[in-house]
Amino acid sequence: MTHNIEDSLDGSEPLWRTVLAGSQMLFVAFGALVLMPLLTGMDPSVALFTAGFGTLLFQFVTKRQVPVFLASSFVFIAPIIYSTQTWGMPATLGALFFAGLMYMLLALAVKVRGVGFLHRLLPPVVVGPVIMVIGLGLAPIAVNMAMGKAGDGSIVLFPYIDSMIVSMSALGTTLLVATFGKGVFRLLPILAGVVVGYLVANFFGMVNYQVVSDAAFIAVPAFVLPELNWQAILFMIPVAIAPAIEHVGDVLAIGHVTGKDYIKKPGLHRTLFGDGLATSAAALFGGPPNTTYSEVTGAVMLTRSFNPMIMIWAAVFAILMAFVAKFGVLLQTIPGPVMGGILILLFGSIAAVGLNTLIKAQVDLAEQRNLVIVATTLVFGIGGMVIGQGEFSMQGVSLCGIVAIILNLVLPMNKPPADDLHEEQEVVDDLVDHASN
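FYI, the numbering for the sequence shown is -1 to 435, going by the working numbering.
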């Protein structure tokens, strides 16, 4: 679906092409969009609705200038699982609402202090190890599910041999499509892995179709109202640090692809506020936090579809699909080993992105200051460090983010930090250039 770039930019292409491109963008985002809620016990139909609604809010805040699609954020997987087990789903949703407010406060700080504020607060030496902790901390969940166990390894759900055959078929397909796929198919490794893994799992009798036949064809998604719980809120708010940086990277990337400076217009404060608003709105309906999707950025780069109206149509399709109840129930029949196989690559890729952030930003780990920040953050996160007890304790991504930020602010620097995002821009430019080859 390659067409004239000027038409993409001014929105003058035919309506049918815009609508078709919108369905294609949702297709690209679909695998990751539904996988995240399935892992955290949320309803994938609600996730479809909140992804669509959140994208519409984002496009409204940014005045329909940025061609991005928002959907389920993988950064929040481990915090949501822990929070749900500890305080319950309604309290977790209340906490996620406040995490969205944290985005909005960061947006306000960027508006007042400038974009350099984010670099000073969250330079690559902070962001890199925190992202690595996200991926490596989730690794046991992927491995347990691949072997037929529950994510926490507490119970065995499927026979080991059957599970390994299913999970490795899903992983193998995902690897092959990600490596050898051409055109738009290169952007669909998760979806391809789900389809092949699901077919193999069906052969081993792991799929229960009865629940699908019992479900209504059209129904309102199972929305869940949030509750206020200050323990859950204080636990969840620091987690917003990591996706805020992911957001900056995605905005820089889409700007590189389209040749526009979205940091200046509509402004990083607007895009960050739109992301936060989408996350808080999702929590009000029982959906997962939203984030800008790099998969969709890849699709924009491939198809040269720069018109933000395409994302609005993708959002409309997502909302409509949310009301097809049989489809939502079908998604919930995907067996754990299928997801486990795909997540091995996905979570490993998250950790690799963190490592690449350090490498591309040329963070010198021979410098003692940098080594201290990275080493402490990694061991706190991977080792499962918990600070505090009883009513309030911190661990995982939230603890690592705060520790890394404090160390970066407290430890003396050899030179003053940059007051712009040029380091982040160089990293993103390099990644986009590699992806386009």
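Glycine included, every Cβ here is placed at the ideal spot set by N, Cα and C.
Considering Ala107, what are the terminal residues of the alpha helix (DSSP H) in which it resides? Met87 to Arg111
Excluding sequence positions up to five away, which residues of its chain have a Cβ less than 8 Å from the Cβ of Asn2? For Asn2, the predicted model reports a pLDDT of 45, less than 50, meaning its position is unreliable; a value from the coordinates is still stated below. Within the same chain, Asn2 has close Cβ partners Glu11.
Taking all protein chains shown into account, do 16 or more other C-beta atoms lie within 10 angstroms of the C-beta of Thr355, making it buried, or fewer, making it exposed? It counts as buried.
So the alpha helix (DSSP H) Phe390 belongs to, where does it begin and stop? Careful: Phe390 lies outside any alpha helix (DSSP H), inside the beta strand (DSSP E) at Phe390 to Gln393.
Please list the terminal residues of the continuous beta strand (DSSP E) segment that includes Ile385. Val384 to Gln387
DSSP state of Val222, grouped into three classes? coil
Are the beta-carbon atoms of Gly50 and Ala323 separated by less than 9 Å? no
Quickly, what does DSSP pair Thr290 with across the bridge? List them, please. Leu68
Coil, strand or helix - Ile153 by DSSP: coil
In terms of residues, what are the limits of the alpha helix (DSSP H) holding Ala45? Pro42 to Val59
Looking at C-beta atoms only, is the number of pairs between the region 270 to 284 and the region 94 to 103 that lie closer than 8 Å three or more? yes
Nearest residue (CA-CA) to Ala93, options Trp228, Met162, Gly399 and Lys358: Trp228
CB contact flag (Val198, Val249, <9 Å): no
Look up Lys147 in the DSSP assignment and give the residues it is bridged to. Val154
In whole angstroms, give me the CA-to-CA distance for Glu4 and Leu68. Residue placement at Glu4 is flagged as unreliable, the pLDDT there being 43, under the threshold of 50; the coordinate-derived value follows with that caveat. In a straight line, the C-alpha of Glu4 is about 25 Å away from that of Leu68.
Here's a check: name, in chain order, each residue in its chain whose Cβ is nearer than 6 Å to the Cβ of Val17, leaving out the five neighbours to either side. Contacts found: Trp311.
Hey, quick one: how far does the alpha helix (DSSP H) through Arg184 stretch, first residue to last? Looking at the DSSP string, Arg184 is not in any alpha helix (DSSP H), and its letter there is neither H nor E.
From the DSSP output, in three-state form, read off Ile332 for me. Residue state for Ile332 is assigned as coil, using DSSP reduced to three classes.
Could you tell me whether the Cβ atoms of Ala297 and Val182 are closer together than 9 Å? yes
From Trp85 to Ile231, what does the alpha carbon distance come to, in whole angstroms? 10 Å
Check Val322 in the structure and name its three-state DSSP category. strand
Nearest-angstrom Cα separation, counted from Phe345 out to Ile400: 22 Å
For the alpha helix (DSSP H) that contains Met34, what are its first and last residues? Leu13 to Thr38
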